DNA sequence: GCCAACGTTGGC
DNA sequence: GCCAACGTTGGC
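Given below as structure tokens:
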């Protein structure tokens, strides 16, 4: 059996929040609109059902990890890429020649105590997280098991 | 609203 | 293949 992996997904809550995810049927949503090759490669090549996800609110007050989720469906083509009316339309992609992919995630649990970016930066155990690396903008990032568990511990009161 | 950092595009 | 210009991300 493949080893469980750990991820951090960023979302601007004004566009799509953790509450939005929890309000979906089955708390499950397609993670579409990703238009970055590195993030796509993580989804396409590395994510497996059961992998754990930290859900992070960017451009929010405060910016924080607010909940957990799981990968519930592995990568398949992102149909929003060939919808001319979609915000993330990309003419490079077509049903015959897929460029962009999605996975599905299921919202799991809201953290009682959201772990703010400031709290992450203040914790020496988390000093290597990509999230706090200068200039790091990836919307999907790998996280180590240790980092994931530290965030969860901080997320309890 | 500003702007640094980064990825992508396109001219050459 | 280089690199300047441009668009986007995201913290502040």
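Numbering (the numbering used here), first residue to last: 649 to 805. Using N, Cα and C, we set each Cβ at its ideal position, and we do this for glycine too. These numbers were taken from a predicted model, which means no experiment stands behind them.
The C-beta separation of residue 750 from residue 678 comes to about 5 Å, placing the pair in contact by the 8 Å criterion. Excluding sequence positions up to five before and after residue 716, its CB lies within less than 6 Å of the CB of 756, 757, all in the same chain and listed in chain order.
From the listed residues 682, 710, 691, the smallest Cα separation to residue 734 is found for 682. According to DSSP, residue 705 shares a beta bridge with 659, 712. Taking all protein chains shown into account, residue 796 has 16 or more neighbouring C-beta atoms within 10 Å of its C-beta and is therefore buried. Looking at 727, 664, 696, 801, the one whose alpha-carbon comes closest to that of residue 654 is 696.
Between residue 762 and residue 748, the C-beta gap is not smaller than 9 Å, which leaves the two residues out of contact. Of the candidates 687, 665, 680, 803, the residue whose Cα lies closest to the Cα of residue 727 is 680. For the segment 758 to 787, the full-length alpha helix (DSSP H) segments reaching 4 residues or more read 765 to 770 along the chain. With 16 or more other Cβ atoms inside 10 Å of its own Cβ, residue 803 counts as buried. For the pair residue 710 and residue 738, the Cα-to-Cα distance works out to about 32 Å.
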